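Residue numbers (this note's numbering): 36 to 290.
Just so it is clear, CB atoms sit at the ideal spot from N, CA and C, and this is done for glycine as well.
The structure presented is a predicted model; accordingly, all values stated were derived computationally and were not measured.
Structure (structure tokens):
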């Protein structure tokens with residue numbers, strides 16, 4: 036894989052990491068279109084450049100991240116289910132990386148988003164800030180995040196759906212999803228790199244750095260876009276988009 040491919044994948048990762056549309060699914064699809072084989076080194080590359088996206092959250096929310104102790108307590112509580120299950124089920128998770136699993140979960144998640152938004156009412160979604168999130172609900176958001184270990188589910192999609200079901204308004208659900216990505220993805224990415232760093236050659240680190248920087252830049256743009264979008268719109272367009280991409284997956288990988 037060359038520099039151009041790493042830039043393209045960095046753009047895809049940055050844009051899709053925080054939109055509820057599955058960054059993993061899009062990386063698999065784009066890699067397939069570019070003819071890149073899903074080797075262990077490449078899969079680790081896809082995981083590693085997520086750090087660039089996570090750094091975008093740290094950059095945009097740096098004041099809260101470095102000063103709000105109560106927020107960190109909630110993030111740690113929410114991280115526990117994913118951390119425990121991710122460690123115990125690491126090998127099983129890796130074995131699920133199939134285009135067919137991704138396609139099914141994209142479509143299922145899209146349908147769920149549409150259904151949730153059809154029944155969304157402001158009265159029932161009365162948690163309107165990060166400060167108002169109870170610890171128990173933070174924990175259950177972590178349970179929802181655990182579902183995202185199934186490829187194609189979308190970590191942000193699962194946590195946002197969880198937030199909406201638990202009474203968060205759209206902005207709070209999205210922001211808690213962004214912030215929960217920080218401990219979750221740092222641990223997951225670090226563990227994956229530790230397990231597979233031997234598969235990297237010196238030239239791989241150059242492409243990794245390129246993808247990392249690109250992902251950071253486009254993740255900043257994506258986060259700002261989503262927060263602006265949901266001020267006036269629902270998540271239904273993302274649900275429809277997921278269904279379309281899921282069908283596209285089936286067409287490409289089945290035929």
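Quiz item: Straight-line CA distance for residue 73 to residue 66?
Solution: 8 angstroms
Exercise. Note down, in chain order, each residue of its chain lying with its Cβ closer than 7 angstroms to the Cβ of residue 95, except the 5 sequence neighbours on either side.
Key: 255, 258
Quiz item: Among 274, 213, 265, 269, which residue has its Cα nearest to the Cα of residue 114?
Solution: 213
Exercise. Would you mind stating whether residue 184 and residue 89 have Cβ atoms separated by less than 7 angstroms?
Key: no
Quiz item: Looking only at its own chain, which residues have a Cβ that is under 6 angstroms from the Cβ of residue 186, when we skip the five neighbours before and after it?
Solution: 59, 131, 132, 136, 137
Quiz item: So, are the CB atoms of residue 198 and residue 161 less than 7 angstroms apart?
Solution: no
Quiz item: Buried or exposed: where does residue 75 fall if 16 or more other Cβ atoms within 10 Å of its Cβ makes it buried?
Solution: exposed
Practice problem: Run the CB neighbour count on residue 167, radius 10 Å, all protein chains shown included, and call it buried at 16 or more, exposed below. | Solution: exposed
Quiz item: Considering only the beta carbon of each residue, do residue 71 and residue 247 sit closer than 7 angstroms?
Solution: no
Quiz prompt | Option nearest residue 143 by Cα separation, candidates 286, 278, 284 | solution = 278
Quiz item: According to the Cβ coordinates, are residue 81 and residue 62 closer than 7 angstroms?
Solution: yes
Quiz item: Which residue or residues does DSSP assign as beta-bridge partners of residue 175?
Solution: None; residue 175 has no bridge partner.
Quiz item: Which of helix, strand or coil does DSSP assign to residue 132?
Solution: coil
Exercise. Grab the span of the alpha helix (DSSP H) containing residue 85 for me, first residue to last.
Key: 85–95
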